[in-house]
């Protein structure tokens, strides 16, 4: 359990690092600004047009299952491949020729095969050559062992400009030093026919290379990006580095890849058209979860499907945040505000009871690309929740292919997130007053709306729209069950409960409680001991009658013997607060007691101990 909490805390911390000063709250007070010139208007129009184009491609459907990339692609007008992460790829055959003078009564004893593996080079590297999925050892460009004397190779990583591939056997027809594949990772296999029929007797085996793919832009390593540090520059691909992070690959694909001023791959959005902060936060989550992306995508083709495949490797989806392309990801969050009836501009609210029965799944079978299975897509174990099966009355299972996932645990975690998200309350639409205009997709708020059956419901904003005429903002939410993250990450074996609306009896009980003066205790009391002091943090009650709190400290776990060390401490409803208590060494016990506006105390929260050194 401690590993689970540590992992969840690490993810939440990673998100918090990016959210500070960069999220939706920063600049929320500016309604219209910075659009004062024709050039800026044209720039925004370009961004809007590009975003609309991408929106047309990126639909809400699941990414389609892709076919194998283990066979050499032979076509006169083949699509361009783009290698992501560490993966196996057979390549696109661009030139294949038998040649050479008769040798030991064999005509055309040599064969040359030129294959392209990826555009947008240089890639990071070529790890190994596989024939029949077995690594072939090489010394320089010459095979050793079984294929010694019969197999040679040459390769280029894809620099611009680059030199032509060089065959081992001279006389390779229609190929010389002018045949350069600049910007493309490529390779050449040069084979000698074995007259004795021992090698290549059944033809050239299935072959390919294990590649370390394209390089990506990482804002965290860019000293010109807020919070970044390093030499990366968004407009200079020579400063980019190799990574297997789904968030960084999603951002880079959205930016597009350029050579000599022309786009060769990707969407091609300007930086101003992308919510880079959301991709950075997503990248931090992927690092914390050890999630990687690996495989091959192609163009021409659906850029929307490619982006979905990349983000799917991190259990994420695209979204638009303030007319910019962003990412919606799964991670523990902290509620940053509370919505009460006083915040609603309309009394009516659209609140679904739960996702409809036909759309709900209680079991998913992940398919992922497995290195141990000759890099083919294989089905993992069924990920199912017994409680969901009981609720639905029957198994409702479906296979889900994850095109760019190559790890069985990661695949199981991703489909587990899909399962638990399918039980959240989705499509909660609230028309709110201007105070809430600062919040947007990805922000989590606590819903305190007893009349609508929503009490202490944490929910994440999924969509946001503003009505300037009425000065209202419509926020769409999906509920957020905290326990789902630990479950989906595979650290515990119990699924979180399915959230649902209150029954009429429960709703009446809650309304009665809210109408009265029953005080609510503080929550989330945490004590961290240290040298000469302890840090005490807590979350204030969310009842509207909360007024202030007091902090108590004692040397035993008996509240009656503790003394007040801080307070009255006022704060906002649901606010997380913190104090630093300087005290003598030893084990100390802490409580927090919240009070109503009529000075009525709630039951004390605690004790929680800390060791002061």
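Residue numbers (the UniProt record's numbering): 1 to 613.
Backbone N, C-alpha and C fix where the C-beta goes; we use that ideal spot for every residue, glycine too.
Quick caveat: nothing in here was measured; it's all calculated off a predicted structure.
Following the continuous alpha helix (DSSP H) through residue i, name the residue where it begins and the one where it ends.
| i | result |
| --- | --- |
| residue 146 | Per DSSP, residue 146 belongs to no alpha helix (DSSP H) and is neither H nor E. |
| residue 546 | No alpha helix (DSSP H) holds residue 546; the beta strand (DSSP E) holding it covers 546 to 554. |
| residue 618 | Residue 618 lies beyond the stretch modelled for the chain, which goes from 1 to 613, so this question has no answer here. |
| residue 198 | Run containing residue 198: none; DSSP gives neither H nor E here. |
| residue 153 | Residue 153 -> not in any alpha helix (DSSP H); beta strand (DSSP E) instead, spanning 151 to 156. |
| residue 483 | 483 to 488 |
| residue 447 | Run containing residue 447: none in the alpha helix (DSSP H); it sits in the beta strand (DSSP E), 444 to 449. |
| residue 74 | No alpha helix (DSSP H) holds residue 74; DSSP gives it neither H nor E. |
| residue 249 | 246 to 255 |
| residue 390 | 386 to 392 |
Is residue i helix, strand or coil by DSSP?
| i | result |
| --- | --- |
| residue 563 | strand |
| residue 127 | strand |
| residue 543 | coil |
| residue 36 | The predicted position of residue 36 is uncertain, since its pLDDT is 35 and thus under 50; a value taken from the coordinates is nonetheless stated next. Coil. |
| residue 285 | helix |
| residue 414 | helix |
| residue 89 | strand |
| residue 398 | strand |
| residue 30 | Since pLDDT at residue 30 reaches only 28, below the 50 mark, its modelled position is unreliable, and the value read off the structure follows with that caveat. Note: residue 30 maps to coil in three-state DSSP. |
| residue 373 | helix |
| residue 243 | coil |
| residue 178 | coil |
| residue 601 | strand |
| residue 276 | helix |
| residue 136 | strand |
| residue 357 | helix |
| residue 381 | coil |
| residue 334 | coil |
| residue 173 | coil |
| residue 575 | coil |
| residue 116 | strand |
| residue 104 | coil |
| residue 609 | strand |
| residue 25 | The predicted model places residue 25 with a pLDDT of 32, which falls under 50 and marks its position as unreliable; any figure quoted below should be read in that light. Note: residue 25 maps to coil in three-state DSSP. |
| residue 67 | Reliability fails at residue 67, whose pLDDT of 48 lies under 50, so the model's placement of it is uncertain and the value that follows must be treated cautiously. Looking at residue 67 - three-state DSSP - the assignment turns out to be coil, as it is neither helix nor strand. |
| residue 290 | coil |
Cα-Cα, which of the options is closest to residue i?
| i | options | result |
| --- | --- | --- |
| residue 254 | 303, 214, 115 | 303 |
| residue 111 | 153, 211, 295, 536 | 153 |
| residue 393 | 238, 363, 380 | 363 |
| residue 555 | 580, 523, 604, 608 | 608 |
| residue 244 | 314, 77, 201, 73 | 314 |
| residue 413 | 236, 330, 355, 391 | 330 |
| residue 264 | 434, 81, 355 | 81 |
| residue 524 | 530, 473, 577, 553 | 577 |
| residue 306 | 246, 288, 356 | 246 |
| residue 345 | 317, 288, 433, 360 | 433 |
| residue 425 | 528, 354, 317, 118 | 354 |
| residue 130 | 208, 410, 379, 147 | 208 |
May I ask which residues mark the beginning and end of the beta strand (DSSP E) holding residue i?
| i | result |
| --- | --- |
| residue 324 | 324 to 328 |
| residue 587 | 586 to 596 |
| residue 615 | With the chain covering 1 to 613 only, the question about residue 615 has no answer from this structure. |
| residue 456 | 454 to 467 |
| residue 428 | 426 to 432 |
| residue 321 | 317 to 321 |
| residue 299 | 295 to 299 |
| residue 528 | 523 to 529 |
Please determine whether the Cβ atom of residue i lies at a distance below 7 Å from any heavy atom of the ligand NAD.
| i | result |
| --- | --- |
| residue 382 | In the structure on display, the ligand NAD does not appear, and there are no ligands present to speak of. |
Since residue i contacts residue j with CB under 8 Å, what's their CB separation in whole angstroms?
| i | j | result |
| --- | --- | --- |
| residue 242 | residue 212 | 6 Å |
| residue 199 | residue 258 | Not confirmed; about 43 Å, so no contact. |
| residue 611 | residue 587 | 5 Å |
| residue 124 | residue 215 | 7 Å |
| residue 116 | residue 94 | 5 Å |
| residue 606 | residue 595 | That belief does not hold up - the Cβ atoms of residue 606 and residue 595 are roughly 15 Å apart, past 8 Å. |
| residue 127 | residue 260 | So it is not a contact: roughly 29 Å between Cβ atoms. |
| residue 91 | residue 72 | 6 Å |
| residue 184 | residue 145 | Actually they are not in contact, since the Cβ atoms of residue 184 and residue 145 sit about 29 Å apart, beyond 8 Å. |
| residue 84 | residue 297 | 7 Å |
Say whether chain B places a C-beta atom closer than 8 Å to the C-beta of residue i.
| i | result |
| --- | --- |
| residue 130 | No chain B appears in this structure, which consists of one protein chain only. |
Legend entry - Inter-stretch contact (C-beta, 8 Å, three-pair minimum) for the segment 430 to 447 and the segment 328 to 347: In the pairwise beta carbon analysis, the segment 430 to 447 is classified as touching the segment 328 to 347: at least three pairs are separated by under 8 Å.
Legend entry - Inter-stretch contact (C-beta, 8 Å, three-pair minimum) for the segment 400 to 411 and the segment 370 to 378: Contact between the segment 400 to 411 and the segment 370 to 378 is present, with at least three C-beta pairs closer than 8 Å.
Inset, instruction - Assess, as a yes-or-no matter, whether the segment 466 to 476 is touched by the segment 411 to 425 under the definition of 3 or more beta carbon pairs within less than 8 Å. - result: No contact exists between the segment 411 to 425 and the segment 466 to 476.
Legend entry - Cβ pair count under 8 Å reaching 3, the segment 310 to 326 against the segment 260 to 275: Contact between the segment 310 to 326 and the segment 260 to 275 is present, because at least three Cβ pairs lie under 8 Å.
Legend entry - Contact the segment 350 to 357 vs the segment 426 to 434: 3+ CB pairs below 8 Å: Result yes; three or more Cβ-Cβ pairs closer than 8 Å.
Legend entry - Three CB pairs or more closer than 8 Å across the segment 184 to 191 and the segment 215 to 225: No, they do not touch.
Inset, instruction - Evaluate contact between the segment 560 to 574 and the segment 530 to 550, counting only Cβ atoms and requiring at least three cross-stretch pairs below 8 Å. - result: With a cut-off of 8 Å, the segment 530 to 550 and the segment 560 to 574 count as touching, because enough Cβ pairs lie within range.
Inset, instruction - Give a yes or no on contact between the segment 217 to 229 and the segment 172 to 185, applying the rule of three or more CB pairs nearer than 8 Å. - result: By the Cβ criterion, the segment 217 to 229 is not in contact with the segment 172 to 185, since fewer than three pairs of Cβ atoms, one from each stretch, lie closer than 8 Å.
Inset, instruction - Please determine if the segment 453 to 464 and the segment 476 to 486 are in contact, where contact requires at least 3 C-beta pairs separated by less than 8 Å. - result: Enough Cβ pairs lie closer than 8 Å, so yes.
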